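If you read the protein sequences in the order shown, they are chains A and B.
Number 74 in full-length UniProt numbering belongs to position 74 of the first sequence; there are no gaps in the numbering.
Number 152 in full-length UniProt numbering belongs to position 152 of the second sequence; there are no gaps in the numbering.
We treat Cβ as the ideally placed atom computed from N, Cα and C, and that holds for glycine.
This structure is a prediction, so every number in the text was calculated from the model and none was measured.
Below is one structure, written out as structure tokens; the observations come after it.
Number of protein chains: 2
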Amino acid sequence: MDIRFEKSLKLKEKIKDENKLGFGTYFTDYMFLMDYDEKNGWNDPRIVPYGNIEIQPSAMGLHYGQTIFEGLKAYKNDGKVYLFRADENFKRMNESNDRLCIPPVDEEFMMEALKKLIDIERDWVPDSKEASLYIRPFIIATEPKLGVHPSDSYLLMIILSPSGPYYKDGLAPMKIYVEDKYVRAVKGGIGTAKAGGNYAASLKSQIEAEENGYFQVLWIDGVDRKYVEEVGSMNIFFVTDDGIITPELNGSILSGITRKSIIELLKAEGQKVVEKKIAIDEIMDLHKKGKLLEVFGTGTAAVVSPVGELFYNGEKVVINNGEIGKVSQHLYDELTDIQWARKKGPEGWQIEV
Amino acid sequence: MDIRFEKSLKLKEKIKDENKLGFGTYFTDYMFLMDYDEKNGWNDPRIVPYGNIEIQPSAMGLHYGQTIFEGLKAYKNDGKVYLFRADENFKRMNESNDRLCIPPVDEEFMMEALKKLIDIERDWVPDSKEASLYIRPFIIATEPKLGVHPSDSYLLMIILSPSGPYYKDGLAPMKIYVEDKYVRAVKGGIGTAKAGGNYAASLKSQIEAEENGYFQVLWIDGVDRKYVEEVGSMNIFFVTDDGIITPELNGSILSGITRKSIIELLKAEGQKVVEKKIAIDEIMDLHKKGKLLEVFGTGTAAVVSPVGELFYNGEKVVINNGEIGKVSQHLYDELTDIQWARKKGPEGWQIEV
Chain A
1 MDIRFEKSLK LKEKIKDENK LGFGTYFTDY MFLMDYDEKN GWNDPRIVPY
51 GNIEIQPSAM GLHYGQTIFE GLKAYKNDGK VYLFRADENF KRMNESNDRL
101 CIPPVDEEFM MEALKKLIDI ERDWVPDSKE ASLYIRPFII ATEPKLGVHP
151 SDSYLLMIIL SPSGPYYKDG LAPMKIYVED KYVRAVKGGI GTAKAGGNYA
201 ASLKSQIEAE ENGYFQVLWI DGVDRKYVEE VGSMNIFFVT DDGIITPELN
251 GSILSGITRK SIIELLKAEG QKVVEKKIAI DEIMDLHKKG KLLEVFGTGT
301 AAVVSPVGEL FYNGEKVVIN NGEIGKVSQH LYDELTDIQW ARKKGPEGWQ
351 IEV
Chain B
1 MDIRFEKSLK LKEKIKDENK LGFGTYFTDY MFLMDYDEKN GWNDPRIVPY
51 GNIEIQPSAM GLHYGQTIFE GLKAYKNDGK VYLFRADENF KRMNESNDRL
101 CIPPVDEEFM MEALKKLIDI ERDWVPDSKE ASLYIRPFII ATEPKLGVHP
151 SDSYLLMIIL SPSGPYYKDG LAPMKIYVED KYVRAVKGGI GTAKAGGNYA
201 ASLKSQIEAE ENGYFQVLWI DGVDRKYVEE VGSMNIFFVT DDGIITPELN
251 GSILSGITRK SIIELLKAEG QKVVEKKIAI DEIMDLHKKG KLLEVFGTGT
301 AAVVSPVGEL FYNGEKVVIN NGEIGKVSQH LYDELTDIQW ARKKGPEGWQ
351 IEV
């Protein structure tokens, strides 16, 4: 399919101080759109000036949560622009699509479309340290009908947001509240999909954690209410005296691409990494025995994010004296070096635009 | 607050054959809108010509499922128009709002707004038998920002859809597939809220049931995977030789207004109704012993909907010879008589517009 291009008559002024970008607040000059209907399939791919969309009030996506999204970044180094494992994002997009009954996209075409969009917007990719261009592909159901049923039409969009460093003052350990009241997702549900409903379910817990001085929550499984699942916007890893452990993909956890990359990096380094069921009590116990050395989260936004404190069931657990651990720092440095192409990464991870 | 009114320059032609209306497909000439921002709270309530809305691509509601809705109907009888327990809908709207971190609405004002809208659109309320005007209030998060956080702005809308009878050929028993693979919602999640994410989670199961010749699914709880929860768009009741039983509101079931009304009607008639945990095995066992007399669903769309067959774990259970049971028929007649004001209902149920 040809991607049509509609030139903007007036380009926006770029934000000079990239430290003030924040996250997901500013958007670039262009966006990518593509429609789906039953007769034509995915059609009319186009790059057009960024702006409001028109939608019918009865569009299914506004009522029944039939929406999915992805999140990734473009990085600039020495004037060149790179994507990081973007193929994995479109693969996961199709997994989310499948769970939400949204027709699949052509992953190779999506990669082509994304590259074309990024190429046009390459001046928008920040070049100050740890700032990047956040990329948000998403799909919403647009059929104007109120019966609960998969939509027969969709809109796919990619919007771009130049974003500042996740940690304004450099990498810093975060305090995490272990959530034992609310549940994010459960096996048999849509927890493995990057679907709006999972995030909607997280808001109240997130707010309550913030009110108590915590940065994010660590979700516990909804069935046994004892196994660790994931952090608000990250997967989680525990560094123990006997290797690194992380919750296995159990059917309710999001399969993070940063998670996968960290596991692969660790294995390539010959480190012991085990994906398994992890009870929160096991973590508390490891800590008591002095065997919990570090905890860190992984995600597109923060890359690798050290955890300095866990609060669970009335108990505060300070990890590594609230300082950044060696493993966390090493993995952060290693992965960001690869993402910004300051170092050669494994085959296929770095995609130059 | 004054509700401003913007007159439409051209009214639509109404659908002559009300049997062809279907559900949620046609919309009336006007819609109600109201905005929320942190400074002004809910503001600028207005009734304007029905049409597309403009939304920013980064609006949170499109990404993180921060949306809720309600569903109710207006009924016409002898030229007069009635709402049925609409106050309960706005009460539940605020319960959904609370769970999804959406600011509460003024329930009395919402009732006033709805009455004003229905009054303007009274000619759109169908007057053929069992056709009605479906009312869809809903709220979407509109803050144009990609961080996962409750939005600081919202749009509330009410749209109206003249809808035909649920059963074109009269009340008919439906076949229900007992879902043992997918899970709709779990305690601690958002199952009790009328939020998009719950419906998104139901689509795949619904499609698979339809492919197997079933009308809807009966959800089983996500924790023990044995207790009956609700049907796709309905709550469920079982008529046994020892009274009527229905799943208790356990924190993952939607609190249906039709459910509540049926329980109240049955109690007023002196019938035995018990809300309790009900294992699917208990139902299968009652059937084997000949003690399961009828099964029916309750919801705004179908009112009371007899179940003629349950399929669970490879076993087909035919209920009441696949025919409409006496209790189901009686409750259907009773409740529709009240909704259409052919009969006087309990205090406050019938609201004349």
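- Chain A has no Cβ within less than 8 Å of the Cβ of Glu18 of chain B.
- The secondary-structure analysis by DSSP pairs Tyr182 of chain A with nothing; it has no beta-bridge partner.
- Straight-line spacing of the CA atoms in Leu265 of chain A and Asp281 of chain B works out to 48 Å.
- Counting of Cβ neighbours within 10 angstroms places Lys145 of chain B among the buried residues, the total reaching 16 or more.
- In this structure, the CA atom of Ile102 of chain B is about 38 Å from the CA atom of Leu310 of chain B.
- For Asp35 of chain B, the enclosing beta strand (DSSP E) stretches over residues 30-37.
- Using a C-beta cut-off of 8 Å, the stretch 126-145 of chain A makes contact with the stretch 57-67 of chain A, since at least three inter-stretch Cβ pairs fall below that distance.
- Chain-ordered, the chain B residues with CB closer than 7 Å to the CB of Pro57 of chain A read Met31, Ile53, Met157, Ile159.
- About 7 Å separates the CB atoms of Glu95 of chain B and Ala193 of chain B; that is less than 8 Å, so the two are in contact.
- When A:Met110, A:Gly222, A:Ala201 are compared, the shortest CA-CA separation from Ser252 of chain A is found for A:Gly222.
- At a cut-off of 8 Å between beta-carbon atoms, Phe215 of chain A makes no contact with chain B.
- For the stretch 246-270 of chain B, the beta-carbon criterion of a distance under 7 Å to any beta-carbon of chain A is satisfied by none of its residues.
- Separation of the CB atoms of Ile190 of chain A and Leu100 of chain A is rounded to 7 Å, and the pair is thereby assigned contact status at 8 Å.
- Under the three-pair Cβ rule at 8 Å, the stretch 111-124 of chain A counts as touching the stretch 24-35 of chain A.
- Around the beta-carbon of Lys76 of chain B, 16 or more other beta-carbon atoms lie within 10 Å, marking it buried.
- With a threshold of 8 Å between beta carbons, Gly322 of chain B makes no contact with chain A.
- Phe69 of chain B is bridged by DSSP to B:Phe138.
- Per DSSP, reduced to three states, the secondary structure at Tyr332 of chain A is helical.
- When DSSP states are grouped into helix, strand and coil, Asn320 of chain B belongs to the helix group.
- A straight-line Cα-Cα distance of about 7 Å links Val307 of chain B and Ile176 of chain B.
- Secondary structure of Met284 of chain A (DSSP, three-state): helix.
- The Cβ neighbour count for Val318 of chain B, taken over all protein chains shown within 10 Å, is under 16; the residue is labelled exposed.
- In the DSSP assignment, Glu54 of chain A is bridged to B:Glu54.
- With a contact defined as Cβ atoms closer than 8 Å, Ala74 of chain B and Val353 of chain B qualify at about 7 Å.
- Per the coordinates, the alpha-carbon of Lys115 of chain B lies some 16 Å from the alpha-carbon of Lys91 of chain B.
- If you check each beta-carbon in the stretch 188-218 of chain A against every beta-carbon of chain B, the ones closer than 8 Å belong to Gly188, Gly189, Ile190, Ala195, Gly196, Gly197, Asn198, Tyr199, Ala200, Ala201, Ser202, Leu203, Lys204, Gln206, Ile207.
- Neighbours of Val48 of chain B in chain A, taken as residues at a C-beta separation under 7 Å, are lacking, since the least C-beta distance is about 11 Å.
- Residues of the stretch 270-294 of chain B that bring their beta carbon within less than 8 Å of a beta carbon in chain A are absent altogether.
- Sorting A:Arg46, A:Ile283, A:Asp37 by C-alpha distance to the C-alpha of Val228 of chain A places A:Ile283 at the top.
- Interface criterion met: the Cβ of Leu62 of chain A is under 8 Å from a Cβ in chain B.
- If the five residues before and after Asn198 of chain B are omitted, its C-beta is found closer than 7 Å to the C-beta atoms of Arg184, Ala185, Ile190, Gly191, all from its own chain and listed in chain order.
- Taking CB atoms only, Gly41 of chain A has no neighbour in chain B less than 8 Å away.
- With fewer than 16 other Cβ atoms inside 10 Å of its own Cβ, Phe5 of chain B counts as exposed.
- Chain-ordered, the chain A residues with CB closer than 7 Å to the CB of Lys181 of chain B read Gly188.
- Of the candidates A:Met157, A:His330, A:Pro173, the residue whose Cα lies closest to the Cα of Arg46 of chain A is A:Met157.
- One thing to note: Asn89 of chain A has its Cβ within 8 Å of the Cβ of Leu72 of chain A.
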